[in-house]
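All residue numbers for the sequence shown refer to the numbering used here, where the first residue is 608 and numbers rise by one.
The beta-carbon is built from N, C-alpha and C at its ideal position, and this holds for glycine as well.
Structure, as structure tokens:
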Amino acid sequence: MVPNPKTIKAAAYNQARSTLANAGSQTAAKSHPIHGKVDVPVSYGTSLLAAARDEFRQTDRNLPPKDKKSDMSIPHYNAIHSAAKTMGIDKW
């Protein structure tokens with residue numbers, strides 16, 4: 608597994624933020640888009656992913672196990688992994 612980058616492109620962060628907000632993450636929806644910077648610390652992305660993960664797990668806690676992957680709905684799981692891939696983040 609490749610370690611996380613030290614920084615991520617602000618455009619990638621903003622795209623990942625939109626992906627998570629569109630999937631229903633209130634945390635992502637409330638976070639501010641990055642502007643005026645080319646790169647941001649990778650911690651911005653890992654924090655965004657972790658918050659959305661925890662939020663989705665809470666939202667999806669009553670779903671039957673067959674409808675979940677990693678304790679969240681498949682669409683939420685896919686959104687998080689899509690956002691992570693956009694930012695080049697493997698661990699969060």
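Within 9 Å, strictly: CB atoms of residue i and residue j
| i | j | result |
| --- | --- | --- |
| THR634 | ALA617 | no |
| MET694 | LEU670 | no |
| PHE663 | ILE687 | yes |
| ALA619 | GLY643 | no |
| VAL649 | ASN621 | no |
| SER689 | ALA623 | yes |
For residue j and residue i, believed in contact at Cβ under 8 Å, the rounded distance
| i | j | result |
| --- | --- | --- |
| THR614 | VAL647 | 6 Å |
| ASP667 | HIS683 | 6 Å |
One or two residues paired with residue i in a DSSP bridge
| i | result |
| --- | --- |
| THR614 | PRO648 |
Terminal residues of the alpha helix (DSSP H) in which residue i lies
| i | result |
| --- | --- |
| ALA635 | 633-637 |
Practice task
Mind listing, in chain order, the continuous beta strand (DSSP E) runs of no fewer than 3 residues lying wholly within the segment 644-687?
Solution key: Qualifying beta strand (DSSP E) stretches, in chain order: 646-648.
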